[in-house]
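Reviewing the structure listed below.
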Amino acid sequence: MIRDYDNYSFLPYEIINREILILFSLFGKDNKYLNDLQTEWFEKKDLDTFREYIETSFEKNEIHDDRVVNRDSLSCLLRLMAMCDCFYDYQSVYDSAFKFFMETKKQTMDHLHIYDFAFKEFAFSLLKGFEEAFVKIKIIKKYEVIIQEITNCLYKLKEDIQFNILIEEFYRLNDLISDLLDILEDDETDNTEFESDNEVILYNFAIYYSTKFYFSLLFRELIIQQEEKLTKKIIMQEKPLIMEEELRISETKMVSDLPEDIFYKTLKN
């Protein structure tokens, strides 16, 4: 059975609920930008207006002539922007795929069900944007090794490969971008400032795309999980990012001193 996007449209809202809880726990209740974001999201839960609000609220709270932009707030800005862009882009691709499947009256295309066919098209679009931004970045010597690994993975993904290999390499690229971000954030001197503008650009790039790759793969796993519930068939034995997400939430609840109402808001549909 070919299902339209409405069957999965609740998933992005659940993901953003949880992520705001995690960000709020990580960066603190005293961050006015995050306070404004969580209020806006839980009051309206509108993806389109929230995407715009993320930027306008950042300009209002964080852009001042007399001080440096708060790095935690910038991380939240880029992360939430990437999440919203991921879900918007995926829905657009899925809707086009659904229309194509309905017009051709096919149950599969290239041996792929609609959720995987749509993800394949989404992945190609994401990779195109990623590569266009990636090649413009000036490589700094201390990041050469991880950058080369990312480059090699990109070359592999540009080959005419089977879908299962595409997925494997997509997970690998997700891990590599996450590794790059870890290296950027790991400063043994405890220096919170980067050494050059190029390093700042690389950091912003890594946050945005590590988020977009991670949540696109998580979204796919959740869609497949939903399909499994509907069809009562196992499609994907292991769902590593769902497990990781559950662990992140559990750890947040254990160590957090956040008020109970935000946990209630997170769980409430």
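All letters in the sequence shown, in the order written, are residues 0 to 268 by the numbering used here.
Glycine residues also receive a C-beta, built at the ideal position from the N, C-alpha and C atoms.
Computed from a predicted model, the values in this text were never measured in an experiment.
In this structure, does DSSP put residue i in helix, strand or coil?
i      : result
Met242 : helix
Met253 : helix
Met108 : strand
Asp47  : helix
Asp3   : coil
Ile138 : coil
Asp159 : coil
Lys59  : helix
Ile234 : coil
Asn268 : Because the pLDDT at Asn268 is just 38, under 50, the model does not fix this residue reliably, and the value given afterwards should be weighed accordingly. Asn268 falls in the coil class under three-state DSSP.
Asp196 : helix
Lys28  : coil
Phe262 : Its pLDDT being 47, under 50, Phe262 is placed unreliably in this model, and the value from its coordinates should be taken loosely. It is helical.
Asp185 : coil
Asn151 : helix
Phe212 : helix
Phe273 : The structure shown does not extend to residue 273, since the chain spans only 0 to 268, so no value can be given for it.
Asn69  : coil
Please look up how many angstroms separate the CB atoms of residue i and residue j, rounded, as I've assumed it's under 8 Å.
i      : j      : result
Ile149 : Leu175 : 5 Å
Leu79  : Ile53  : 5 Å
Thr251 : Ile21  : 5 Å
Leu179 : Ala122 : Not quite, the Cβ-Cβ distance comes to about 19 Å (not below 8 Å), so this is no contact.
Lys238 : Glu220 : 4 Å
By how many angstroms is the C-alpha of residue j removed from the C-alpha of residue i?
i      : j      : result
Met235 : Glu61  : 43 Å
Tyr32  : Phe100 : 43 Å
Glu13  : Leu217 : 12 Å
Ser249 : Thr103 : 44 Å
Ile1   : Phe118 : 15 Å
Phe162 : Ser74  : 32 Å
Lys155 : Ala205 : 20 Å
Phe97  : Phe212 : 22 Å
Ser195 : Thr107 : 49 Å
Asn69  : Arg17  : 23 Å
Lys44  : Tyr87  : 14 Å
Asp181 : Val144 : 14 Å
Thr48  : Tyr4   : 20 Å
Ser72  : Met242 : 27 Å
Phe116 : Ser24  : 36 Å
Glu227 : Ile233 : 6 Å
Asp109 : Ser177 : 31 Å
Ile139 : Val67  : 23 Å
Ile15  : Leu229 : 23 Å
Glu244 : Gln37  : 19 Å
Ser91  : Lys127 : 16 Å
Can you tell me which of the options puts its alpha carbon nearest to the alpha carbon of residue i?
i      : options                       : result
Leu125 : Ser95, Ala96, Tyr89           : Tyr89
Glu120 : Trp40, Tyr93, Glu244          : Tyr93
Ala81  : Ser209, Val68, Lys135         : Ser209
Tyr202 : Tyr170, Phe57, Lys137, Leu229 : Lys137
Leu77  : Ser56, Thr230, Asp5           : Ser56
Leu240 : Phe116, Ile145, Asn173        : Asn173
Ile146 : Glu244, Lys105, Glu198        : Glu198
Lys135 : Asp109, Tyr4, Ile200, Asp185  : Ile200
Lys59  : Glu245, Leu46, Asp35          : Asp35
Phe9   : Phe26, Leu46, Gln37, Lys141   : Leu46
Might you give, ordered along the chain, the residues of its own chain that have their beta carbon closer than 6 Å to the beta carbon of residue i, omitting 5 neighbours on each side?
i      : result
Phe214 : Met82, Cys85
Phe39  : First, the residue type needs correcting, since residue 39 is Glu and not Phe in the sequence shown. Closer than 6 Å at the Cβ level, and outside the excluded window around Glu39, lie Tyr52.
Arg171 : Cys152
Beta-carbon within less than 7 Å of residue i's beta-carbon, same chain only, minus the 5 sequence neighbours each way: which residues are those?
i      : result
Tyr7   : Ile222, Gln225
Phe129 : Tyr208
Can you list, in chain order, the residues of its chain whose CB lies under 8 Å from that of residue i, leaving out five sequence neighbours each side?
i      : result
Leu111 : Lys119, Phe162
Is residue i near the ligand GDP, going by C-beta to nearest heavy atom under 8 Å?
i      : result
Leu175 : The model depicted lacks the ligand GDP and carries no ligand whatsoever.
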